[in-house]
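Enquirer: Those sequence lines, one after another, are chains S and Y.
Reading the first sequence from the start, the letters are residues 1 to 276 in the numbering used here.
Reading the second sequence from the start, the letters are residues 277 to 525 in the numbering used here.
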Amino acid sequence: MSVSIAPPIPERHTQYANHGLLSFFAAIGDYSSAFFGHLGRYCSVMWWMIRNVHNAREYSRNIYQQMVIIGNDSIPIVVFVSAFVGMVTAVQSAYQLYDWIPRAVVGSLVVKSVLLELTPLMTALVLAGKVGATITAELGTMRVTEQIDALEALAFDSISFLITPRVLAGILMFPVLIIFGDLVAILGGLIGSVTVANIPATAFINGMKNSFETRDALFGIIKANFFGFTITSVACYEGYFVEGGSEGVGRATMGTVVLTCLAVVVMDFVLASVLL
Amino acid sequence: MIRIQNIWKKFGDKSVHRGITFDVLDKQTTVVLGRSGGGKSVLLKMIIGLIKPDAGTIEVDGKDVTKMGYKELRALRFKFGFLFQGAALFDSMTVGENIALSLRRHTGWTEKQIAESIRYALHVVGLDNVEQIMPSSLSGGMKKRVGLARAIALTPRYILYDEPTTGLDMETADGINLLIREMRTKLGITSIVVTHDIHSAFVVGDRFAILENGATLLTGTREEIQNSENEEVRKYINSSLPIQDGRHS
């Protein structure tokens with residue numbers, strides 16, 4: 001991509017630094033213009049990616065590689081987190097229920113909480129750190145070592161080559177990871193119920209069966225699509241436009257983790273409000 | 277032919293270029309000399325449209341690069357090979373894959389033809405049997421050679437060299453200088469070399485453009501530069517020459 005498609009980010013003005021209220025409004029103006037500058041550039045990159053998505057077929061090997069990195073390589077951490085999320089949910093549910101409430105309710109609570117909220121959210125937050133940071137650091141290093149310029153000099157469309165496969169892999173693999181996480185979390189809930197809360201396995205399974213609804217699982221998968229897109233696209237954007245050498249790469253990586261975690265929780269609320 | 281006319285460029289408050297003008301003649305090596313941080317690398321990136329100037333024109337074979345759209349720019353880039361300062365090899369790929377990348381993407385060649393082209397390009401730059409090595413295992417000089425092999429793989433008309441000898445010892449730098457000369461004498465490639473190393477410049481260059489304070493101080497042949505009466509040029513040449521035994525070489 002030539003830099004021509006990317007609008008410049010406004011610079012901060014410091015001439016009001018020592019003028020009390022003026023400096024306050026100047027700071028608001030600076031941050032607002034910087035925010036909208038980044039938003040505009042992010043949107044232009046996404047538009048470029050969508051408009052040239054047919055190019056991604058030519059880089060199918062990249063998509064496969066990214067699916068392995070984002071999906072396959074994330075399975076251990078997703079299994080670990082999901083198992084404990086399931087166990088904790090089961091144990092805390094059992095603790096909060098009065099003795100006269102049937103123990104099978106624990107199974108219902110676990111399956112509802114896990115499918116609707118806990119697995120998608122926890123997995124996304126963990127992957128925001130793992131996948132997001134990896135993508136930003138990788139693309140950022142490519143930027144500061146002129147590898148992205150080299151791709152452009154070799155007449156490649158660097159956005160289609162670098163960003164499209166990562167974003168598509170994120171959209172495709174996050175749902176797979178969350179389905180996997182759901183299964184492990186429910187299994188973890190069963191183990192937690194039986195071993196710690198002394199709930200019979202049959203009671204847990206009956207409760208789970210009674211409250212399971214396909215739309216709950218679908219809701220989690222839809223959320224996963226949104227989370228996958230947001231985490232990978234923001235990480236790619238941050239890495240692709242890194243400035244300032246290795247320090248800039250570090251700053252961008254940290255920015256990705258913070259930004260994607262915030263985006264995930266906000267999006268979680270918005271999707272719950274709209275879809276439930 | 278490349279014609280650079282009255283190029284202006286600012287980054288923030290800093291003016292990098294203030295009216296750079298010079299021509300690059302066909303089948304000659306033009307060396308752009310100037311102090312570090314003087315915008316020489318930016319100028320190279322402008323020639324292939326990676327950076328747009330604020331004002332001025334850059335004509336490649338009669339077409340203005342500054343007015344080109346993305347598709348035209350991609351077509352233009354087929355004419356160019358670019359050797360980046362740090363070679364900019366893709367560190368997740370082997371040497372062979374680095375060179376094969378553009379061949380697979382832009383030619384309809386078979387894998388056998390691509391393998392032969394890789395071997396030939398590496399042979400031209402004096403490297404054999406390194407296809408399977410990762411860039412991280414190469415020395416600085418070898419990286420530059422692989423970068424050059426990648427640049428010539430698609431048989432470009434022009435090669436742009438960004439500080440090709442920076443960070444190399446004298447012997448390795450001489451080897452790179454020899455390669456740059458061979459690109460012109462053997463392959464007939466037009467080259468632009470950006471450097472602040474005046475020793476290398478005089479080894480590889482046919483014509484020279486000296487930049488000072490963002491503008492073109494002087495353009496001309498080696499003799500014209502060496503015999504220039506311009507005090508700034510004399511000062512630049514004398515201050516840039518390496519000192520040996522207490523005297524400028």
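Each residue gets a CB set at the ideal place from its N, CA and C atoms; glycine is no exception.
#1: Run the proximity test for S:Ala-263: is its beta-carbon closer than 6 Å to any non-hydrogen atom belonging to the ligand PLP?
#2: Which residues, taken in chain order from the segment 460 to 486 of chain Y, show a beta carbon closer than 9 Å to some beta carbon of chain S?
#3: Measuring CA to CA, which of S:Phe-156, S:Gly-245, S:Phe-241, S:Ser-113 is closest to S:Asp-280?
#4: Is it right to say S:Arg-24 is buried, meaning 16 or more other beta carbons lie within 10 angstroms of its own, or is it exposed?
#5: Taking the beta carbon of S:Tyr-240 as the centre, do at least 16 other beta carbons fall within 10 Å, making it buried, or is it exposed?
#6: For Y:Ala-449 and Y:Gly-417, I'd like the C-alpha separation in whole angstroms.
#7: Below 8 Å on the Cβ atoms is my contact criterion, and I expect S:Gly-170 with S:Gly-228 to pass it. Report the Cβ-Cβ distance as a whole number of Å.
#8: What does the Cβ neighbour count give for Y:Val-509, buried or exposed, with the cut at 16 atoms within 10 Å?
#9: List the endpoints of the continuous beta strand (DSSP E) containing Y:Ser-467.
#10: Between S:Glu-247 and S:Glu-146, what straight-line distance do the alpha-carbon atoms span, to the nearest angstrom?
#11: Just to confirm before moving on: does the CB-CB distance between Y:Asp-473 and Y:Thr-305 stay below 7 Å?
#12: Can you check which of these residues, S:Leu-190, S:Glu-243, S:Thr-134, S:Arg-251, is closest to S:Ile-231 by C-alpha distance?
#13: With 9 Å as the limit, tell me which residues of the segment 322 to 335 of chain Y have their beta carbon closer than that to any beta carbon of chain S; keep them in chain order.
#14: Are S:Ala-203 and S:Arg-103 touching if we call contact CB-CB under 7 Å?
#15: When the Cα atoms are used, what is the spatial distance from S:Asp-30 to S:Leu-39?
#16: Using the three-state DSSP reduction, which class does Y:Ala-397 fall into: helix, strand or coil?
#17: Excluding five sequence neighbours on each side, which residues of the same chain lie with their C-beta closer than 6 Å to the C-beta of Y:Asp-426?
#18: Going by C-alpha to C-alpha distance, which of S:Lys-209, S:Pro-120, S:Ile-163 sits closest to S:Met-267?
#19: In or out: S:Ile-5 buried (at least 16 other Cβ within 10 Å) or exposed?
#20: Name the residue from Y:Lys-511, Y:Thr-471, Y:Val-480, Y:Leu-326 whose alpha carbon lies nearest to the alpha carbon of Y:Leu-526.
#21: So, at 7 Å on beta carbons, what are the nonlocal neighbours of S:Val-3 in its own chain, with the 5 sequence-adjacent residues on each side left out?
Expert: From the atom records:
#1: In the structure on display, the ligand PLP does not appear, and there are no ligands present to speak of.
#2: none
#3: Nothing can be reported for residue 280 of chain S: it is not among the residues displayed for chain S, which extend from 1 to 276.
#4: In the sequence as displayed, the identity of residue 24 of chain S is Phe instead of Arg. S:Phe-24 is exposed by the Cβ-count criterion.
#5: buried
#6: 8 Å
#7: 4 Å
#8: buried
#9: 466 to 471
#10: 16 Å
#11: no
#12: S:Thr-134
#13: Ile-324, Gly-325, Leu-326, Ile-327, Lys-328
#14: yes
#15: 14 Å
#16: helix
#17: Looking at the sequence provided, one finds Arg at residue 426 of chain Y rather than Asp. The residues are Asn-374, Ile-375.
#18: S:Pro-120
#19: Low confidence applies here, because S:Ile-5 scores a pLDDT of 49, under 50, leaving its location unreliable; read the following figure in that light. It counts as exposed.
#20: The displayed coordinates of chain Y run from 277 to 525. Any statement about residue 526 of chain Y would go beyond what the structure contains.
#21: Low confidence applies here, because S:Val-3 scores a pLDDT of 42, under 50, leaving its location unreliable and the question unanswered by this model.
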